[in-house]
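First comes the structure, then the notes that go with it.
There are 2 protein chains.
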Amino acid sequence: MSSFLAVRQVRRPEATPNADDFTVVTEQLPVLGDGQVLVENVYLSVDPYMRQLMDTGEAGLEGRAIGKVAESRSAEFPVGTTVFHRNGWSTHAVVGAADLRRVDQADGVPLSAYLGVLGGTGLTAFVGLTRVARLQPGEDLFVSAAAGGVGSAAGQIARLLGARRIIGSAGSAAKVAHLHALGFDAAFNYREGPVGAQLAAAAPDGIDVYLDNVGGDHLAAAISSLRPHGRVAWSGAIAQYSSAPPAAPHNLAEVMFKTLRVEGFLVREHLDAREPFERFLVPHIQNGSVIVDETVVDGFGNVVEAFLGVLRGDNTGKMLVRL
Amino acid sequence: MSSFLAVRQVRRPEATPNADDFTVVTEQLPVLGDGQVLVENVYLSVDPYMRQLMDTGEAGLEGRAIGKVAESRSAEFPVGTTVFHRNGWSTHAVVGAADLRRVDQADGVPLSAYLGVLGGTGLTAFVGLTRVARLQPGEDLFVSAAAGGVGSAAGQIARLLGARRIIGSAGSAAKVAHLHALGFDAAFNYREGPVGAQLAAAAPDGIDVYLDNVGGDHLAAAISSLRPHGRVAWSGAIAQYSSAPPAAPHNLAEVMFKTLRVEGFLVREHLDAREPFERFLVPHIQNGSVIVDETVVDGFGNVVEAFLGVLRGDNTGKMLVRL
């Protein structure tokens with residue numbers, strides 16, 4: 002093998018990306034330098050946050066991947082090692098040891114989970130709940146985009162953290178049913194009526210924490226329902242980036258009157274939480290109390306379509322591509 | 002003496018209160034019960050937060066006061082003791098020991114300071130900077146309504162806490178000059194141009210902390226100028242309550258993208274900070290590094306006008322009435 006396939010961004014999208022913004026190229030494999038390995042990718046991650054990276058051009062197609070070392074000039078990562086890297090959407094990648102992380106797959110845990118509920122997606126939910134919102138046992142939680150990767154992880158993790166009532170919103174009846182199957186106490190379809198009224202009906206006594214994935218109407222509804230000292234954890238990695246930022250909530254002054262806290266965060270600033278998070282979550286995956294909730298698309302040729310799909314919300318759980 | 006004067010609220014104001022919303026009544030002094038004292042008030046506090054209390058009716062004229070015990074049936078508070086209480090706008094008050102606090106006036110500190118920079122006003126600034134925003138040495142601060150009681154205290158306290166650049170906004174050229182006299186590094190008149198442009202000019206490298214007293218344009222400007230990990234401490238006790246809440250900032254999504262934190266607080270939930278705050282600040286008043294910044298109005302008959310004045314922003318520093 003002397004060449005591989007990679008997706009390249011060919012232009013900056015105006016708003017919602019489409020297939021013409023990308024092209025697939027054939028690249029020649031370079032000779033490995035000292036400390037480098039050749040990775041044959043097995044899973045590629047497609048994530049909403051990549052939409053924002055497309056606006057900066059050069060970093061456009063950085064993306065998370067898991068694969069096996071096929072050739073190695075690094076003693077640390079011999080042939081056959083399972084590794085995580087961020088080299089993006091390609092069938093193979095030449096990566097230096099400093100940019101690799103070994104994946105120690107636990108018994109009974111699917112490899113894909115290390116890009117999803119055990120990867121940056123699940124870590125976003127965990128950091129948002131524990132470090133940012135500081136969810137306490139017995140508190141009530143609302144999650145928007147709850148059927149997506151971060152949301153479905155958040156609902157399950159919040160249960161493990163002792164949340165009392167867990168409420169999710171999603172964009173279809175099928176997704177609402179999916180939320181019930183994941184153990185959410187209440188769920189509603191935000192397309193079926195005003196978010197504020199639906200949330201108030203689902204949480205008549207209010208909520209303590211809102212994990213925000215969408216802003217706009219959802220944020221306004223959450224602010225209305227939050228009890229004094231409530232917290233909003235608002236992740237920069239999981240919003241909808243294709244359109245202009247949503248309108249600011251009309252009731253923001255309640256943040257002052259009710260002594261609320263609204264805090265943005267980026268999971269990449271909390272990577273030190275990854276190992277304790279993995280130790281915390283793996284046993285719950287192994288005993289079946291946490292579902293590895295994924296939508297897996299097969300074939301490298303479908304990676305762009307999978308990405309466009311995650312921006313449309315086609316997926317339930319984490320969206321992945323299997324090569 | 003068998004009677005005293007008190008201000009009563011006679012109706013709920015529609016928006017901005019006026020003199021007709023109040024009346025002065027003559028009340029008979031009751032016989033003191035066990036544990037009660039008669040306080041002859043010396044200073045009355047008029048504060049913006051009282052505007053909000055007027056909407057709830059019954060609590061309408063609760064207010065902070067300092068006076069001397071004139072008669073006592075409490076061993077804890079003998080005649081002549083200087084005390085703080087919250088019985089509101091009256092010449093005298095009958096107060097139970099449980100609702101009194103002794104004021105131990107330090108050498109060189111004016112009594113009025115215990116209702117201002119050492120009272121709830123200064124404590125609001127201190128709690129907002131230290132507990133909510135967690136201002137660090139070397140950080141840059143923006144304060145709105147900076148010539149008012151909380152703002153003028155905040156600018157001076159922030160200097161003691163090691164802030165680097167301290168920027169204030171106010172509503173007149175005279176107030177801007179006052180801010181320079183108080184040691185603010187930069188100050189601007191928000192009526193002279195867009196707040197965002199004026200703040201950006203005053204803080205070309207951005208800010209780390211915003212102590213919000215007003216919301217609206219000021220909050221939007223601060224969000225634009227805040228650096229990543231910046232904080233907004235937004236006090237429910239110091240906003241302008243006479244009008245509808247200001248419009249939400251158009252750029253709220255920057256809270257997410259820049260990992261900012263916007264947090265409301267109420268000083269009454271932080272009264273445990275009062276003693277350490279007093280110990281911290283008194284030496285700086287004694288050595289002249291903190292100015293006791295006050296506007297003092299004389300005469301009980303002027304208390305309503307003083308209150309209406311503080312809502313209009315007539316004062317620089319803390320607004321007080323001396324009897």
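Chains C and R, in that order, are what the protein sequence lines are.
Per the working numbering, the first sequence runs over residues 2 to 324.
Per the working numbering, the second sequence runs over residues 2 to 324.
Cβ atoms here follow ideal geometry from the backbone N, Cα and C, with glycine treated the same way.
Item: With H, G and I counted as helix, E and B as strand and the rest as coil, what does DSSP make of F308(R)?; Value: helix
Item: Identify the contact partners of W235(C) in chain R, using a Cβ-Cβ distance below 7 Å as the criterion.; Value: V256, M257
Item: Note down the Cα distance separating W235(R) from D209(R), rounded to an integer number of angstroms.; Value: 14 Å
Item: Closest Cβ-Cβ distance between R262(C) and chain R: below 8 Å?; Value: yes
Item: Closest Cβ-Cβ distance between H251(R) and chain C: below 8 Å?; Value: yes
Item: Since G216(C) meets chain R, which of its residues come closer than 8 Å, beta carbon to beta carbon?; Value: L253, A254, M257
Item: Going by other Cβ atoms of all chains shown within 10 Å of its Cβ, with 16 needed for buried, is S3(R) buried or exposed?; Value: exposed
Item: Could you run through the segment 260-288 of chain R and flag, in chain order, every residue whose CB is less than 8 Å away from some CB of chain C?; Value: T260, L261, R262, V263, E264, G265, F266, L267, E270
Item: Which one or two residues does DSSP pair with L212(R) in a beta bridge?; Value: V144(R), A234(R)
Item: Please classify V96(C): is it buried, with 16 or more other beta-carbons within 10 angstroms of its beta-carbon, or exposed?; Value: buried
Item: Let me make sure I understand the geometry here. Which of F143(C), R65(C), E15(C), L212(C) has the alpha-carbon closest to that of L100(C)?; Value: Residue identity check: residue 100(C) is Asp in the sequence provided, not Leu. Ranking the options by Cα distance to D100(C), first place goes to R65(C).
Item: Is A126(R) near V151(R), with beta carbons less than 8 Å apart?; Value: yes
Item: Report the option in Y211(C), A164(C), L180(C) whose CA atom is closest to the CA atom of A221(C).; Value: Y211(C)
Item: With a threshold of 6 Å on Cβ separation, who are the neighbours of F143(R) within its own chain once the five nearest residues in sequence on each side are excluded?; Value: I168, I208, Y211, A223
Item: Report the start-end ranges of each alpha helix (DSSP H) in the segment 83-137 of chain R that is 4 residues or longer and not cut off at the edges.; Value: 121-128
Item: What residue range is occupied by the uninterrupted beta strand (DSSP E) comprising L321(C)?; Value: 319-323
Item: Taking only beta-carbon positions, decide if V11(C) is within less than 8 Å of chain B.; Value: Within the model displayed, chain B is absent; protein chains C and R are what it includes.
Item: According to DSSP, simplified to helix, strand and coil, what is I189(C)?; Value: Note that residue 189(C) is Phe in the sequence shown here, rather than Ile. Reduced to three states, the DSSP call for F189(C) is strand.
Item: If you draw a straight line from the C-alpha of G68(R) to the C-alpha of R262(R), how long is it?; Value: 40 Å
Item: Alpha carbon to alpha carbon, how far is G300(R) from V43(R)? Give it in angstroms, no decimals.; Value: 10 Å
Item: Taking the Cβ atom as the reference point for each residue, do A188(C) and V196(C) lie within a distance shorter than 8 Å?; Value: no
Item: When the Cα atoms are used, what is the spatial distance from Q230(R) to E264(C)?; Value: Note that residue 230(R) is His in the sequence shown here, rather than Gln. Cα-Cα distance, rounded: 9 Å.
Item: How about G61(C): is its C-beta nearer than 8 Å to some C-beta of chain R?; Value: Its pLDDT being 49, under 50, G61(C) is placed unreliably by the model, and nothing is read from it.
Item: Please specify which runs of the beta strand (DSSP E), each continuous and at least 3 residues long, are wholly inside the segment 152-178 of chain R, giving them in chain order.; Value: 167-171
Item: Can you say whether L124(C) is buried or exposed, counting buried as having 16 or more other CB atoms within 10 angstroms of its CB?; Value: buried
Item: Find the nearest neighbour of G289(R) within the set S170(R), V110(R), E306(R), S145(R), judged by alpha-carbon distance.; Value: V110(R)
Item: Might you give, ordered along the chain, the residues of its own chain that have their beta carbon closer than 6 Å to the beta carbon of S75(R), omitting 5 neighbours on each side?; Value: G36, V38, A98
Item: Excluding five sequence neighbours on each side, which residues of the same chain lie with their C-beta closer than 6 Å to the C-beta of R166(R)?; Value: D141, D186
Item: Quick one: residues in its chain with C-beta nearer than 7 Å to the C-beta of H285(R), no 5 flanking neighbours on either side, listed in chain order?; Value: L161, V291
Item: Do S145(R) and S173(R) count as a contact pair if the criterion is CB distance below 8 Å?; Value: no
Item: Check this for me: beta carbons of V70(C) and V32(C), under 8 Å apart or not?; Value: no
Item: Return the CA-CA distance between A254(R) and A249(C), expressed in angstroms with no decimal places.; Value: 8 Å
Item: So what does DSSP say about R9(C), is it helix, strand or coil?; Value: strand
Item: Going by the CB atoms, is the gap between L30(C) and T92(C) shorter than 8 Å?; Value: no
Item: Is the CB-CB distance between V26(R) and R9(R) below 8 Å?; Value: yes
Item: Assign H86(C) to buried or exposed, taking buried as 16 or more other Cβ atoms, counted over all protein chains shown, within 10 Å of its Cβ.; Value: buried
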